[in-house]
């Protein structure tokens, strides 16, 4: 294509992907006076069944940024504890009420609300630019170092020149593919099917997990409806579909805590969304001129709902590491690898727990071990607080710097 038909842009940092990590990082850089452009491939942030949990660690960051009160003015639900029903018994799995944070709860908020909020706050700074419907398809190189991207937009192709490209474009990252960043996959024996069930008068005020005989059903309060997740064997969705929607709903009825007729609103497979779970991690997060963070660097299982919050922590750690060298125009690969060194431990520790929790074991042994563990948690005063700390705060908290 003739260069004259490509719209050129120049910025200090180009972030590919307008998810939680990308918009938080864009906000932090713009607030610090760094010119930053965020390219988002979709026209808006409206997505169903995305990570909608905002953990106490993220809420604490929003407090440190002076944004918490405005954020919590948006519609959301709160959970001070997480529960599961095991063999008819309500088990308190995690308790956040004793965390050393301003907010001792998880906030459930549609991800598009959170992303729109971050984008609005970032747009208040003249250094911030967000371009939607921008599909990045190629990295640009200069003497072996990444120096920008090419992207397609409805108005035509664009070329963005920059000192640094940051991939926050999720588990199917174009940036990490184009940069040839190698990864290690840990697999997962399970997938999740998501669906919506209308709320009714008399439903429990809040629930995170309901475990029936097959121990594979989750409910999340989304205000006007329940977001329900049904765990299945990896790769079995096609066989479930072939068996018919009616038989699938009968399986749901066996483990769901409400009456069968509530499932009658699900009349098509279009209302059932497959989340293919995978756990992987880049061997090296960066090369000269390019860095990946969030799901682009480490895909997570939905266990614990920690993906969004790890992405936010990655964004804060990245801003802390790169703002000063970007200002002085002395950014080097060592500054990018500093992000990986900082975030490696919490990433590996979280994935280790997720892998252990999802490992396939003989059915009888799995049921026995699960019952024993739940009995210990249910009878313990301190285990729910320990799990609350791990889920709510993670293994390493980040504090934003450069806020002057």
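Residue numbers (our numbering): 34 to 437. Virtual Cβ for every residue (Gly too), placed ideally from N, Cα, C.
To which residues of the same chain is residue i closer than 7 Å at the C-beta, ignoring the five residues directly before and after it?
i	result
residue 221	267, 310, 311, 312, 334 and 391
residue 158	63 and 64
residue 426	89, 90 and 132
residue 232	257, 258 and 259
residue 160	63, 66, 67, 68 and 69
Span of the beta strand (DSSP E) holding residue i?
i	result
residue 189	189-194
residue 49	46-49
residue 168	168-175
residue 72	69-72
Cutting at 6 Å between CB atoms, please list the residues of its own chain near residue i, excluding the five before and the five after it.
i	result
residue 305	226 and 228
residue 71	48, 51, 55, 59 and 163
residue 353	434
residue 264	223, 225 and 249
residue 114	125 and 128
residue 185	168
residue 431	346, 349 and 350
residue 219	312 and 388
residue 260	253
residue 418	128 and 131
residue 437	none
residue 134	89 and 93
residue 323	179, 198 and 212
Give the straight-line distance between the Cα atoms of residue i and residue j, rounded to the nearest whole angstrom.
i	j	result
residue 138	residue 308	26 Å
residue 274	residue 375	43 Å
residue 140	residue 167	30 Å
residue 43	residue 346	27 Å
residue 206	residue 235	43 Å
residue 282	residue 210	39 Å
residue 366	residue 415	43 Å
residue 39	residue 321	25 Å
residue 142	residue 87	7 Å
residue 131	residue 45	42 Å
residue 252	residue 318	34 Å
residue 108	residue 177	47 Å
residue 355	residue 217	26 Å
residue 53	residue 271	31 Å
residue 188	residue 296	44 Å
residue 358	residue 95	24 Å
residue 420	residue 154	33 Å
residue 256	residue 336	21 Å
residue 424	residue 215	28 Å
residue 93	residue 136	7 Å
residue 269	residue 69	43 Å
residue 73	residue 200	11 Å
residue 244	residue 117	For residue 244, the pLDDT reaches just 44, beneath the cut-off of 50, and the residue's location in the model is therefore unreliable, leaving the point undetermined.
residue 230	residue 103	29 Å
residue 328	residue 106	28 Å
residue 300	residue 293	13 Å
residue 145	residue 174	33 Å
residue 413	residue 280	39 Å
residue 41	residue 340	34 Å
residue 208	residue 85	24 Å
residue 373	residue 183	26 Å
Mind checking who residue i pairs with in its DSSP beta bridge?
i	result
residue 261	228 and 252
residue 200	49 and 325
residue 319	324
residue 206	According to DSSP, residue 206 bridges with nothing at all.
residue 140	87 and 111
residue 116	125
residue 306	227
residue 314	217
residue 42	193
residue 181	173 and 194
residue 266	223
residue 186	189
How would you write the range of the alpha helix (DSSP H) that residue i sits in, first residue to last?
i	result
residue 90	89-97
residue 351	340-360
residue 282	278-288
residue 161	No alpha helix (DSSP H) contains residue 161, which is instead part of the beta strand (DSSP E) from 161-164.
residue 423	416-426
residue 431	It is not in any alpha helix (DSSP H) - residue 431 carries neither H nor E in the DSSP assignment.
residue 104	101-105
Tell me which same chain residues have a C-beta within less than 8 Å of the C-beta of residue i, skipping the five on either side of it?
i	result
residue 149	78
residue 370	317, 318 and 319
residue 30	Outside the shown range of the chain (34 to 437) lies residue 30, about which nothing can therefore be said.
(message) Does the stretch 311-327 come into contact with the stretch 189-204, if we say contact requires no fewer than three beta-carbon pairs (one atom in each stretch) closer than 8 Å?
(response) yes
(message) With a threshold of 8 Å, are at least 3 pairs of Cβ atoms found where one atom belongs to the stretch 94-101 and the other to the stretch 179-192?
(response) no
(request) Say whether the stretch 282-300 touches the stretch 322-342, bearing in mind that this needs 3 or more beta-carbon pairs closer than 8 Å, one atom from each stretch. (result) no
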